[in-house]
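Enquirer: This structure is in structure tokens; I'll ask about it shortly.
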Amino acid sequence: MNDYAMIENGIVVNVIVGPLPDGIEGIALNGRPVAIGDAYADGVFLRNGEPVLTEVERIQALTAEIERLQAQLAQ
């Protein structure tokens, strides 16, 4: 089951939890914690100008940052 965002003028105006009702158009969230008021441009959900990441993407980004900081400390 996927959740969907309804977009108007590039802004998320509603989030539908579960399948889309017939006749309603929405963008699949695919695990992204999108909220009303987030932006949607060029296929990317944005919050405060930053991409809204899935949990897995956030973990990957944080792991990369930890590795970068550990490398700095080791110098």
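Each residue of the sequence shown is one higher than the last, beginning at 1 in my numbering. For each residue, glycine too, the CB sits at the ideal point set by N, CA and C. If you're wondering where the values come from, they're calculated on a predicted model, not measured in any experiment.
1) Look at the Cβ atom of glycine 10, then the Cβ atom of tyrosine 40, and state whether they are nearer than 7 Å.
2) Quick one: what does DSSP say alanine 71 is sitting in, helix, strand or coil?
3) Taking C-beta to C-beta, are glycine 26 and tyrosine 4 nearer than 7 Å?
4) Please name the residue or residues paired with glutamate 50 in a DSSP beta bridge.
5) Just to confirm my understanding: we take leucine 46, look at its own chain, exclude 5 residues before and 5 after, and list those with CB closer than 6 Å. What are they?
6) If you measure between the beta carbons of valine 44 and valine 12, is that distance less than 7 Å?
7) What does the alpha-carbon distance come out to for the pair glutamine 72 and isoleucine 36?
Expert: In short:
1) In this structure, tyrosine 40 lies closer than 7 Å to glycine 10 by Cβ.
2) Alanine 71 falls in the helix class under three-state DSSP.
3) yes
4) Arg47
5) Ala39
6) No, they are not a contact pair.
7) 39 Å
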